[in-house]
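Quick note, the sequences are listed as chains Y and X, same order.
Per my numbering, the first sequence starts with residue 1, numbered consecutively.
Per my numbering, the second sequence starts with residue 1001, numbered consecutively.
From the three backbone atoms N, C-alpha and C, an ideal C-beta is built for every residue, glycine too.
2 protein chains.
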Amino acid sequence: MHSVEPASPGDYPLLIGQLLANLPQFAEQEIVSEGQRFTYDTFARRIHRLAHLLTGMGVKPGMVVAVMDWDSHRYLEAYFAVPMMGAVLQTVNVRLAPAQIAFTLRQTGAQLLIHHADFAELVAGIMPALSPAPQFIAVEGYEAGLAVAPDEDFAFPLLDENSLATRFHTTGTSGDPKAVGFTHRQLVLHTMALAGTLANQPYGEGFRRGDVYMPMTPMFHVHAWGMPYLATMMGAKQVYPGRYEPARLLALQREEGVTFSHCVPTILRMLLDAIPPEAPPLPRWTMIIGGSALHEDLRRQALERGIVALGGYGMSETGPVVAVSRSEGARSDPALLCRAGYPVPLVWVRSDTDGPHELQFRAPWLTRDYNGDPAASRDLWREGWLHTQDVGAIGPDGAITIADRMKDMIKSGGEWVSSLALEALCLTHPALAEVAVIGMPDQRWGERPVLFAVPLDATVPPDIAEIRTLLQPAVEAGAISRYALPDRLIAIKSLPRTSVGKIDKKRLKAFLKDDQVIPKKR
Amino acid sequence: MHSVEPASPGDYPLLIGQLLANLPQFAEQEIVSEGQRFTYDTFARRIHRLAHLLTGMGVKPGMVVAVMDWDSHRYLEAYFAVPMMGAVLQTVNVRLAPAQIAFTLRQTGAQLLIHHADFAELVAGIMPALSPAPQFIAVEGYEAGLAVAPDEDFAFPLLDENSLATRFHTTGTSGDPKAVGFTHRQLVLHTMALAGTLANQPYGEGFRRGDVYMPMTPMFHVHAWGMPYLATMMGAKQVYPGRYEPARLLALQREEGVTFSHCVPTILRMLLDAIPPEAPPLPRWTMIIGGSALHEDLRRQALERGIVALGGYGMSETGPVVAVSRSEGARSDPALLCRAGYPVPLVWVRSDTDGPHELQFRAPWLTRDYNGDPAASRDLWREGWLHTQDVGAIGPDGAITIADRMKDMIKSGGEWVSSLALEALCLTHPALAEVAVIGMPDQRWGERPVLFAVPLDATVPPDIAEIRTLLQPAVEAGAISRYALPDRLIAIKSLPRTSVGKIDKKRLKAFLKDDQVIPKKR
């Protein structure tokens, strides 16, 4: 692994390959995937072989190489080799509908597709919708190709650090998926900021040398929060768990000594449900929770099992990490760990003072645009700040609290009501497993909150009067407006979810409009 | 403190002002200097006032503002305000001879000089040698100026991140001092790499949130190793000790709870000598040691006092930090903490395979040139690598060990002898306080090592036969060549030192040549 030749003395572009500069310090460290163990040294050699293989198949700088895979060593190799060649890595969201996947591949013009056998049928099915159809490599071809690729250093080119390195699509909860993109420079700076942030967390909340990493937000989703790049730069042991199955995740944690992961609340919930009640607490396992709000109940239940869960904040457009929680001051109030957290180094945040307090950011690693959508891009970057469409507050200590998505805020009786705040309160009812609050148009009040509730026991759903009684103290304390009290409760078996596990409020709204039965999704 | 307006959506130059993005998180944290306490909030407001003051005095982007001060809050303010205005901060080495100081000010064309009262006479003395003479502000004028400066935000300009931020001169052990320079981008990246490195060190060897910082390498010397920028970005409590006096440094450590410092071995030696033998161990105090080799004896003596000393590596040309030691594997061999250490993130190192193994680096924060000296600049950057003129080895674990400065290597009987290795061995003699080994030209052997030795008791210097006996086992073990055994010992009262406390081998060589008495310098 050689550093690229600079164009002039002292010139040093921020390229993904530069994250490998310290590799001689941990050449024997392990990467675990699909029951195999690779040293970092082998990993580095496989990066070179992959670059030879892709070049042999015609991949050139600027071309798009798409990947459809579960979390694996292959994905990690592609995270490095593809951008290092000057090509663009497209991480395909395999949970989208086939037509949407075809849409995203058409939109980027992907010329090569590396896919897992599990997606062979899906790939065959969408090929007719792609023109020209990309070449593709299945897992077997990937291994065979690496085996015959030259075992010599690939001459990785000296790139402009502003070259595009990755592309992927937002989940498209409102309309078609939108393509964001990140440059080499942005990913290196994101990695450096994460390093300074997570190593600086108190012991048990951070990620440091000696920790063992396993992703639990998929590698197709916003670079698995950038952690594979950080773990590689730091030389941490890495464990790639394939398709997420709670039993396998728990087994890998125990067997490989995993100490650091990240996931959405749904995955954490699944993990906790999969642990037998009589099982002893897990060894220390830190998890950054993002994607949706971390509720205090879930955090506490996780801690009882040995899992230190703490909130973070980011989105596809932000690379993703812009804030992480930490426990300073949280001894007296553990709920502080459930916030979106403190902005990480180099991140500026402001809250829109007009309107419902949208959070807006500046940082060196935010997507510059939505590819091919100049109107949405302009809207994203109004006044030079990235608009999150998240409503929130910046506390006196600088920490961010998210109130809600702007579109999920409910305006009733002229006051803004946060659906997230309401949901957190409703969830304290002992008979409820999951809830979602939706605003329903109302002639008199503008909107009225409606509570969708998944009871723990489907035969005895709570009634709306109980819920209003439960919320009354919060109204009296001024924590929520009296307009926030829902006057309708709809008991359902499960909540519809998006491809990345978030509650699909668009479908709940459509249900209210059409008054149709919600189809069961799990 | 507002982030600067970007030129285009998503554009985010790496500027020193961006290190202040997280400031709202620690607005009440303290900066201690000259018996005063400033909050970070006050510090930020003083930066704005300083920018107003300097602008009022005619400072414009591109101009050079020089500072001659002891370590103080003023210096910290200048570290930020001057580059943030687009001007260049010249940190003047106040230990140089007046003529050399005049030389460095002339060379940069400094147009404004901020100086401490202690340097008023010196400044008055060199003014005639400067043409046009710069304006100057003494400390009193500085405070008075800040007091009357507008208390409103200064509109810091959006700069090119490749703008020069700082300039200073190497110590000029060989010829006139040479000017190096660092850009905004370089200093931000150096800060980010330091953050990831030092927070990642095991507890007791690192620098994390909650640590208290006090410099003990002067702020005029390579940005005090970049630590003031890091401490400020992280929001650590900072303690600026003025002129270094061992008793005051010790008192500040105790009173302010200092946990992290950095210094050259000479300062550490002075500190240890100033601690009364009966004093209890200090509370945990971590020190990165650079500038010269950290000897195991000194490290152990420091540890007995509660000071965790560990080696780092860098030089004026490298910003400075490119490597830091850490204790992995050091439990069995504490000497590992005395090495130059492990390259920090983004740093590539190689060792010249022809010749005496000079260490060469690539990193995003190395000076691009010696200002006004294209020949030396070309020599510094041969083949696109920065040439350190340090001879060293890169171990199988990736850690760097420095053997010697190239010019201090001794070639005897056709073999290279490291003066540093010899010195470390000689120092194990119980009667010696300090030593230096110099190569003396020799017709038969090329060069022969000569030992300069400072005995603990001047009345009983050891003789050369004792030293040779002491070294014999190392020869037999193959650790040093038999040509390394010195055959001459010169006892002296003290070693001559350069302006930054390094042993001045040039003067020792001159002494050998002229056979003159070394003038006493302490």
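What are the start and end residues of the beta strand (DSSP E) that includes Y:LEU146? As a position in the first sequence, residue 146 of chain Y is number 146, starting the count at 1. Unbroken run through Y:LEU146 is the alpha helix (DSSP H), 139-148; no beta strand (DSSP E).
Expressed to the nearest angstrom, what Euclidean distance is found between the alpha-carbon atoms of Y:THR91 and Y:ALA99? Sequence index remark: in the first sequence, residue 91 of chain Y carries index 91 (1-based). Sequence index remark: in the first sequence, residue 99 of chain Y carries index 99 (1-based). Approximately 16 Å, taken between the alpha carbons.
Quick check on X:ALA1431 - is its C-beta less than 8 Å from some C-beta in chain Y? Residue numbering aside, residue 1431 of chain X sits at position 431 when the second sequence is read from its first letter. Answer no: the Cβ-Cβ gap between X:ALA1431 and chain Y never drops below 8 Å.
Can you have a look at Y:ALA510 and say buried or exposed, based on whether 16 or more other CB atoms are within 10 angstroms of its CB? Position 510 of the first sequence, counted from the first residue, corresponds to residue 510 of chain Y. Counting Cβ neighbours within 10 Å, Y:ALA510 comes out exposed, since fewer than 16 surround it.
Hey, quick one: how far does the alpha helix (DSSP H) through Y:LEU380 stretch, first residue to last? Numbered from 1 along the first sequence, position 380 holds the residue referred to as residue 380 of chain Y. Residues 374-380.
Name the residues in the region 1352-1373 of chain X whose C-beta lies less than 9 Å from a C-beta of chain Y; which are they? ARG1362, ALA1363, PRO1364, TRP1365, LEU1366, THR1367, ARG1368 and ASP1369
By DSSP, does X:ALA1330 sit in helix, in strand, or in coil? As a position in the second sequence, residue 1330 of chain X is number 330, starting the count at 1. Below a pLDDT of 50, predicted positions are generally treated as unreliable, and X:ALA1330, at 49, falls in that range; no measurement from the model is reported.
Which two residues bound the contiguous beta strand (DSSP E) that contains Y:SER351? For this step, residue 351 of chain Y is matched to residue 351 along the first sequence. From DSSP, the beta strand (DSSP E) with Y:SER351 extends over 348-351.
What are the complete beta strand (DSSP E) segments, minimum 3 residues, inside the region 401-428 of chain Y? 410-412 and 415-417
Selected residue, minimal CA-CA separation from Y:GLY145, among Y:PHE207, Y:MET68, Y:VAL239 and Y:ILE47: Residue numbering aside, residue 145 of chain Y sits at position 145 when the first sequence is read from its first letter. Comparing Cα-Cα distances from Y:GLY145 to each of Y:PHE207, Y:MET68, Y:VAL239 and Y:ILE47, the minimum goes to Y:ILE47.
For X:ASP1369, is the classification buried or exposed, using 16 other Cβ atoms within 10 angstroms of its Cβ as the cut-off for buried? Counting from 1 along the second sequence, the entry for residue 1369 of chain X is found at position 369. That one is buried.
Assign Y:ASP273 to one of three DSSP states: helix, strand, or coil. The residue given as residue 273 of chain Y occupies position 273 in the first sequence. Reduced to three states, the DSSP call for Y:ASP273 is helix.
How would you call Y:VAL460, buried or exposed, if buried means at least 16 neighbouring beta carbons within 10 angstroms? The residue you call residue 460 of chain Y lines up with position 460 of the first sequence. Label assigned to Y:VAL460: exposed.
Which term fits X:ARG1243, buried or exposed, when burial requires 16 or more other beta carbons within 10 angstroms of its beta carbon? Counting from 1 along the second sequence, the entry for residue 1243 of chain X is found at position 243. X:ARG1243 is exposed by the Cβ-count criterion.
Rounded separation between Y:ARG45 and Y:GLN25 - CA only: As a first step, residue 45 of chain Y is located in the first sequence; it is residue number 45 there, counting from the start. As a first step, residue 25 of chain Y is located in the first sequence; it is residue number 25 there, counting from the start. Distance between the alpha carbons of Y:ARG45 and Y:GLN25 is about 16 Å.
Where the beta strand (DSSP E) through X:HIS1115 begins and ends: Taking the second sequence and counting its residues from 1, the one referred to as residue 1115 of chain X is at position 115. It spans 1112-1115 - the beta strand (DSSP E) in which X:HIS1115 sits, taken as one unbroken run.
Using C-beta distances below 6 Å, list every residue in its chain close to X:ASP1011, excluding the 5 sequence neighbours before and after it, in chain order. For the purposes of this step, residue 1011 of chain X is identified with residue 11 of the second sequence, where counting begins at 1. No residues qualify anywhere along the chain.
Go through its chain and collect everything with a Cβ distance to Y:ALA224's Cβ below 8 Å, but skip five positions before and after it. Indexing the first sequence from 1 puts residue 224 of chain Y at position 224. In its chain, beyond the 5 residues on either side, ASP71, PRO215, THR217, PRO218 and HIS262 have a beta carbon closer than 8 Å to the beta carbon of Y:ALA224.
Would the region 130-137 of chain Y count as touching the region 105-117 of chain Y if we require 3 or more Cβ pairs under 8 Å? Remark: three or more beta-carbon pairs, one from each stretch, lie closer than 8 Å, so the region 130-137 of chain Y and the region 105-117 of chain Y are flagged as touching.
I'd like the span of the alpha helix (DSSP H) that includes Y:GLY446, first residue to last. Stepping through the first sequence from its first residue, residue 446 of chain Y is reached at position 446. Not the alpha helix (DSSP H): Y:GLY446 falls in the beta strand (DSSP E), residues 446-455.
X:VAL1092 in three-state terms, based on DSSP: For the purposes of this step, residue 1092 of chain X is taken as the residue at position 92 of the second sequence. Coil, per DSSP.
Would you mind giving the Cβ-Cβ distance between X:ARG1209 and X:MET1234, rounded to the nearest angstrom? I have them listed as a contact below 8 Å. Stepping through the second sequence from its first residue, residue 1209 of chain X is reached at position 209. Stepping through the second sequence from its first residue, residue 1234 of chain X is reached at position 234. About 6 Å; that satisfies the 8 Å criterion.
Taking the C-alpha atoms as reference points, what is the distance between X:SER1351 and X:LYS1411? Reading the second sequence from its first residue, position 351 is the one you call residue 1351 of chain X. Reading the second sequence from its first residue, position 411 is the one you call residue 1411 of chain X. Cα-Cα distance, rounded: 19 Å.
Going by CA-CA distance only, name the one from Y:THR232, Y:ASP404, Y:PHE43 and Y:ASP457 that's closest to Y:THR191. The sequence position of residue 191 of chain Y within the first sequence is 191, counting from 1. Nearest to Y:THR191 by C-alpha distance, out of Y:THR232, Y:ASP404, Y:PHE43 and Y:ASP457, is Y:THR232.
Check whether the Cβ atoms of Y:VAL59 and Y:VAL65 sit closer than 8 Å, and answer yes or no. Taking the first residue of the first sequence as 1, we reach residue 59 of chain Y at position 59. Taking the first residue of the first sequence as 1, we reach residue 65 of chain Y at position 65. Result yes, Cβ atoms of Y:VAL59 and Y:VAL65 sit closer than 8 Å.
Counting only Cβ-Cβ distances shorter than 9 Å, please list the residues of the region 8-36 of chain Y near chain X, keeping chain order. SER8, PRO9, GLY10, ASP11, TYR12, PRO13, LEU14, GLN18, LEU19, ALA21, ASN22, LEU23, PRO24, GLN25, PHE26 and ALA27
Report yes or no: do three or more beta-carbon pairs, one from the region 1013-1027 of chain X and one from the region 301-313 of chain Y, lie closer than 8 Å? no
Looking at C-alpha atoms only, which residue of X:ARG1095, X:LEU1294 and X:PRO1364 is the closest neighbour of X:PRO1334? Position 334 of the second sequence holds residue 1334 of chain X. Considering only alpha carbons, the answer is X:LEU1294.
Here's the rule I'm using: 16 or more other beta-carbon atoms within 10 Å means buried, otherwise exposed. How should Y:ALA179 be labelled? Taking the first sequence and counting its residues from 1, the one referred to as residue 179 of chain Y is at position 179. Looking at its Cβ environment, which holds 16 or more other Cβ atoms inside 10 Å, Y:ALA179 is buried.
Suppose you measure from the CA of Y:ASP176 to the CA of Y:ILE101; what does that come to, to the nearest Å? Within the first sequence, the letter at position 176 stands for residue 176 of chain Y. Within the first sequence, the letter at position 101 stands for residue 101 of chain Y. Rounded to the nearest angstrom, the two C-alpha atoms are 11 Å apart.
Please decide whether X:MET1192 counts as near chain Y, where near means a Cβ-Cβ distance under 8 Å. Numbered from its first residue, the second sequence carries residue 1192 of chain X at position 192. So, interface residue.
Consider the Cβ of X:ALA1165: report whether some Cβ of chain Y lies at a distance smaller than 8 Å. Translated into positions along the second sequence, residue 1165 of chain X becomes position 165. Not one chain Y Cβ lies under 8 Å of X:ALA1165.
Taking the beta strand (DSSP E) that X:HIS1073 belongs to, which residues open and close that run? Reading the second sequence from its first residue, position 73 is the one you call residue 1073 of chain X. It is not in any beta strand (DSSP E) - X:HIS1073 instead sits in the alpha helix (DSSP H) that spans 1073-1084.
Compute the Euclidean distance between the alpha carbons of X:ALA1376 and X:LEU1456, then round it to the nearest angstrom. Locating residue 1376 of chain X in the second sequence gives position 376, where the first residue counts as 1. Locating residue 1456 of chain X in the second sequence gives position 456, where the first residue counts as 1. Those two C-alpha atoms are separated by around 41 Å.
Beta strand (DSSP E) segments (min. 3 residues) lying fully within the region 1207-1272 of chain X: 1237-1240 and 1260-1263
Establish whether the CB of X:ALA1330 and some CB of chain Y are separated by less than 8 Å. For the purposes of this step, residue 1330 of chain X is taken as the residue at position 330 of the second sequence. Because the pLDDT at X:ALA1330 is just 49, under 50, the model does not fix this residue reliably, and the value given afterwards should be weighed accordingly. For X:ALA1330, the answer is no, since every Cβ of chain Y falls outside 8 Å of its Cβ.
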